[in-house]
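First up is the structure itself, then whatever we jot down about it.
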Amino acid sequence: MGPLLEEERLVLRSLPSSAVPGYTTVPSTVRKWSTVRVGRKTYSVPSRLIGHRVEARIHPDTVESSIATSACSRCHGCTASATTTSTIAT
Numbered sequence: 811m812g813p814l815l816e817e818e819r820l821v822l823r824s825l826p827s828s829a830v831p832g833y834t835t836v837p838s839t840v841r842k843w844s845t846v847r848v849g850r851k852t853y854s855v856p857s858r859l860i861g862h863r864v865e866a867r868i869h870p871d872t873v874e875s876s877i878a879t880s881a882c883s884r885c886h887g888c889t890a891s892a893t894t895t896s897t898i899a900t
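Residue numbers (my numbering): 811 to 900.
What follows is the structure in structure tokens.
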């Protein structure tokens, strides 16, 4: 192995003992327009959820909202700008 690799190995830290989570959890309330704000983006959800508290899980390419323990909505490929509304399909 090259000397640069050996030099870098001396300063490397060990990996974390637990796995890095695959998503971030954000609590949100469904507004009267049947939308939720997640970060700086707005997503539409089924109107039956208006007023309910939901948990949004932000994955790298998906935003998933759920009530209690059942997943109710999922949006794939959310690469829209901060002002664009993306629909979370049921």
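All C-beta atoms in this analysis are idealised placements derived from N, C-alpha and C, irrespective of residue type, glycine included. Since the model is a prediction, treat every value here as computed from it, not as a measurement.
If you drop the 5 nearest sequence neighbours on each side, which residues of the same chain put their C-beta closer than 6 Å to that of R869? For clarity, residue 869 is His in the given sequence; the question names Arg instead. If we look at H869 and ignore the five residues flanking it on each side, its Cβ neighbours are Y833.
Own chain, CB closer than 6 Å to R863, minus 5 neighbours either side, in chain order: Same-chain partners within the cutoff: T839.
Can you tell which of E817, G812, V821, K842 has its C-alpha closest to the C-alpha of G861? K842
Range covered by the alpha helix (DSSP H) that runs through V821: 813–821
At the level of alpha carbons, what is the spacing between T835 and R867? 5 Å
Between V855 and V848, how many whole angstroms is the CB-CB distance? I'm expecting something under 8 Å. So it is not a contact: roughly 10 Å between Cβ atoms.
Please report the residue range of the beta strand (DSSP E) in which S854 lies. 851–854
V840 bridges to which residues according to DSSP? V840 is not bridged to any residue.
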